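Beneath this line is the structure, given in structure tokens, with notes to follow.
In the numbering used here, the protein residues as written are 1 to 93.
Put into structure tokens, the structure is as follows:
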């Protein structure tokens, strides 16, 4: 596989080009619920908490809840976080 350099990208996307998906929103009942979901099911967050001592877990929990508070767009106590993602499809020839 050969990676394309940024200055060699085609002007129009080919079927194999990365595509940026439209922003979407995730709605969750409350910030603490968001954290519970990520702590339980999202691998990188789950592993980070598992590797930390209880004091450090408390600190990262506070940091993540502060991050959610900054990104939250709901204004009513629920969590609505706009997001987008990059889709990359790899095909084998």
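Virtual Cβ for every residue (Gly too), placed ideally from N, Cα, C. The model shown is predicted, which means the values in this text are computed figures rather than measured ones.
Inset, instruction - Specify whether the region 76-84 and the region 59-66 touch according to this definition: at least 3 beta carbon pairs, one from each stretch, less than 8 angstroms apart. - result: Result no; under three Cβ-Cβ pairs closer than 8 angstroms.
Inset, instruction - Measure the alpha-carbon distance for residue 38 versus residue 46 and round it to whole angstroms. - result: As a position in the chain shown, residue 38 is number 38, starting the count at 1. As a position in the chain shown, residue 46 is number 46, starting the count at 1. So the two alpha carbons sit approximately 7 angstroms from each other.
Inset, instruction - Kindly indicate the opening and closing residues of the alpha helix (DSSP H) around residue 55. - result: As a first step, residue 55 is located in the chain shown; it is residue number 55 there, counting from the start. Counting along the chain, the alpha helix (DSSP H) containing residue 55 begins and ends at 54-71.
Legend entry - CA-to-CA distance, residue 55 to residue 92, given in whole angstroms: For the purposes of this step, residue 92 is identified with residue 92 of the chain shown, where counting begins at 1. For the purposes of this step, residue 55 is identified with residue 55 of the chain shown, where counting begins at 1. Cα to Cα, the separation comes out at about 46 angstroms.
Inset, instruction - Closer than 7 angstroms by C-beta to residue 52: which residues in its own chain qualify, once you throw out the five before and the five after it? Chain order, please. - result: Indexing the chain shown from 1 puts residue 52 at position 52. If we look at residue 52 and ignore the five residues flanking it on each side, its Cβ neighbours are 60.
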